[in-house]
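The block underneath contains the structure these notes are about, expressed in C-alpha cells.
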Amino acid sequence: MPTRAVVARARKIRLLVMDVDGVLTDGRMILSERGDELKAFDTHDGVAIALAKRAGLRTAMVTGESSPIAKARGGKLGVDSVVLGARRKREAVEALRAEYNVPANAVAFIGDDLLDIPALQIAGLAVAVADAPPPVKAVAHLVTRARGGHGAVRELVELLLRAQRAWRQVVDAYVREHGGR
Ligand SMILES: [Mg+2]
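In my numbering, the protein residues as written are 476 to 656.
Okay, structure coming up:
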C-alpha cells in the first residue's frame with residue numbers, strides 16, 4: 476500500500492512523464508550485426524497508458540536516446556508527446572509542463588537512472604523503478620515493486636488512478652468497450 480503522503484501527491488497528477496530505457500523497457504538494447512537496435516516493451520504497460528488517457532491524464536515519453544523505436548511505440552500507444560535526445564530531462568519536463576499548462580505538483584515522472592534525477596527533483600510525484608540504483612531511489616517519493624520493462628508503469632498508473640478514484644470506472648469502461656460487461 477502506498478503511504479498517505481504518496482496518495483496525496485498522486486491525487487494531483489495531470490501529466491505522466493516516462494523515461495523509456497529501463498522504465499518502459501528492461502534497459503537492454505539488443506543490437507544486430509548490422510547495428511539495428513531492438514527493445515522489448517511490456518504489453519501491460521501499454522494498456523495502462525490507454526487507461527491513463529481515458530482518465531484524462533496527459534502522457535509523455537522523454538528519452539536521452541534518439542532511437543526511432545521510442546517514437547514508434549509512443550505513436551502506437553497514443554502518447555501525447557515523445558521527446559527524443561533529451562539529455563537535460565528537467566528542461567524537457569518544464570517544456571511539457573508549459574505545453575500542457577500544468578503546475579509542477581501535477582507532474583509524475585518515472586525514471587531508472589542518473590539522467591532522470593534532475594527531472595525527478597522537480598516532479599510532484601517522483602517515481603523510481605525497483606531496479607533503479609540507490610541515488611535514483613534516494614530522490615524518489617515512491618519506488619515501484621515492479622522492475623523497469625516488467626510492469627512498473629502499469630503499477631504506477633493503477634496507483635495514480637486509484638488515488639484519483641478513477642481506476643474502477645476506467646477499467647470497467649475499457650472492458651465494456653472491448654465487448655465485455
Ligand atoms: Mg532510463
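All C-beta atoms, glycine included, are put in the ideal place defined by N, C-alpha and C.
Computed from a predicted model, the values in this text were never measured in an experiment.
Looking only at DSSP bridge pairs, what is residue i linked to?
i    : result
T534 : L491
In three-state DSSP terms, what is residue i?
i    : result
E540 : coil
A601 : strand
V481 : helix
A621 : coil
G586 : strand
E630 : helix
V522 : helix
V554 : coil
On the criterion of 16 or more Cβ atoms from any shown chain inside 10 Å, does residue i qualify as buried, or is it exposed?
i    : result
M460 : The first residue shown for the chain is 476 and the last is 656, placing residue 460 beyond what the model contains.
V650 : exposed
R548 : buried
T518 : exposed
T654 : For the record, residue 654 in the displayed sequence is Gly; it is not Thr. Exposed, by the Cβ-count rule.
E630 : buried
To the nearest angstrom, how far is the alpha carbon of residue i from that of residue j?
i    : j    : result
V558 : E569 : 12 Å
R562 : L590 : 7 Å
A525 : S507 : 31 Å
K487 : R509 : 46 Å
V537 : M504 : 17 Å
L595 : V582 : 10 Å
H625 : A605 : 10 Å
L634 : A485 : 7 Å
R640 : V495 : 27 Å
R637 : L571 : 24 Å
L499 : A535 : 12 Å
Output yes or no for whether 8 Å exceeds the beta carbon distance between residue i and residue j.
i    : j    : result
D555 : G497 : no
G553 : N580 : no
D501 : A480 : no
A615 : A603 : yes
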